[in-house]
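First the structure, in the form of structure tokens, and then the observations on it.
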Amino acid sequence: MKLAIVQFEPKFGDLLQTIEKLKSLLKKAKEADLVVLPELANTGYNFDSKEQALHLSETINESVFLAFLMDACRKYQFSVATGFSEKEGGKLYNSSVLVDETGVKSVYRKLHLFMNEKNIFEAGNIDLSVIEHKGIKLGMLVCFDWMFPEAWRKLALQGAELILHPSNLVLPYAQSVIPSYSLVNRVFIATANRIGTEKELTFTGQSIITGTKGEVLAKAGEKEEILMVEFDPKQSNDKMITPLNDAFKDRRIDKYE
Ligand code: ACM
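When the letters of the sequence shown are read in order and numbered with the numbering used here, they come out as residues 69 to 325.
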């Protein structure tokens, strides 16, 4: 498969300008089978208040942003996973949504909220799950979920071959853990980060795609950039570290489950 990450800066609170920017970026990624966008790509990140976030966010079923992405999927015959500020009733979720030419295929709501997100969003209320999409077993996490190895392990144990990770990373060392999660779980990971500054927060770019041995298949700088990598996701089904060591079967869950 060909996987692309579009590392860019959404225009805070200006959906139409963000869509304009993405039009040209998605065209440049048209060779991909699957494109990953950063966290909260429809709104930007650093809300002043929950009221402002409610005003700027969309529901999944009536989203101009997701409709635009579905159109792009039809045009370029790829799928897109995007961070999405999701409104449902009076509640907000920091979500990741997978769409293709036929519609919404999967939704994940961020489990671990970072800093002021706790004043804006509800913590995720959907179980971690893996879906089979176009022959590939996919899991999704969002940004600060990076801090919690249990979530990555759970997706890998459910058979995920590739974990999609829309992000708005700000801590300077966050990306460094991603190769290790790939390695210990023998999965591919795509961490799609953003760039730019919103008030006191500067986002660190350096989006990264990692392989099952912890190798860095591609890493971005700190500017607008498209990463594109071709790999075989089925490699992640080989959990053998040596002929006598299976990364999953050797776990001593009798001692630490
Ligand atoms: C983060 O979770 N956006 C740092």
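Even glycine gets a Cβ: it sits at the ideal position worked out from N, Cα and C.
None of the values given here were measured: they were computed from a predicted structure.
**Item:** Alpha carbon of leucine 105 to alpha carbon of leucine 312, nearest angstrom
**Value:** Between leucine 105 and leucine 312, the alpha-carbon positions lie close to 39 Å from each other.
**Asked** To which residues of the same chain is alanine 140 closer than 6 Å at the C-beta, ignoring the five residues directly before and after it?
**Response** Leu94.
**Asked** Exposed or buried, what is threonine 280 when buried is set at 16 or more other beta-carbons lying within 10 Å of its beta-carbon?
**Response** Residue burial is scored here from C-beta neighbours: threonine 280 has at least 16 other C-beta atoms within 10 angstroms and is therefore classed as buried.
**Message:** Are there any heavy atoms of ligand 1 lying less than 8 Å away from the beta-carbon of serine 125, as far as the coordinates show?
**Reply:** Checking every heavy atom of ligand 1 against the Cβ of serine 125, none is found closer than 8 Å.
**Spatially closest choice to serine 174 from Met183, Ser164 and Thr111, by CA coordinates** = Considering only alpha carbons, the answer is Ser164.
**Request:** Note down the Cα distance separating asparagine 184 from leucine 209, rounded to an integer number of angstroms.
**Result:** CA-to-CA, the gap between asparagine 184 and leucine 209 works out to about 19 Å.
**Message:** ligand 1 and serine 131: does any heavy atom of the ligand fall closer than 8 Å to the residue's C-beta?
**Reply:** No.
**Message:** I believe asparagine 236 touches glutamate 107 by the beta-carbon criterion, under 8 Å. Please report the beta-carbon distance rounded to the nearest angstrom.
**Reply:** Rounded to the nearest angstrom, the Cβ distance from asparagine 236 to glutamate 107 is 4 Å, consistent with a contact under 8 Å.
**Asked** Can the beta-carbon of valine 252 be found closer than 9 Å to that of alanine 315?
**Response** Yes, the pair counts as a contact, with Cβ atoms nearer than the cut-off.
**Buried or exposed (CB count within 10 angstroms, at least 16 for buried), arginine 319** = By the 10 Å Cβ count, arginine 319 comes out exposed.
**Request:** Within the segment 85-119, note down every full alpha helix (DSSP H) run reaching 4 residues or more, in order along the chain.
**Result:** Listed in chain order, there is nothing to give.
**Request:** Taking only the alpha-carbon atoms, compute the straight-line gap between valine 172 and leucine 166 and give it to the nearest angstrom.
**Result:** Whole-angstrom Cα-Cα distance: 6 Å.
**Asked** So does phenylalanine 212 have its beta carbon nearer than 8 Å to some heavy atom of ligand 1?
**Response** Remark: the shortest separation between the CB of phenylalanine 212 and any heavy atom of ligand 1 falls under 8 Å.
**Message:** On the CB-based measure, 16 or more other CB atoms within 10 Å of its CB, does serine 250 come out buried or exposed?
**Reply:** With 16 or more Cβ atoms within 10 Å of its Cβ, serine 250 is classed as buried.
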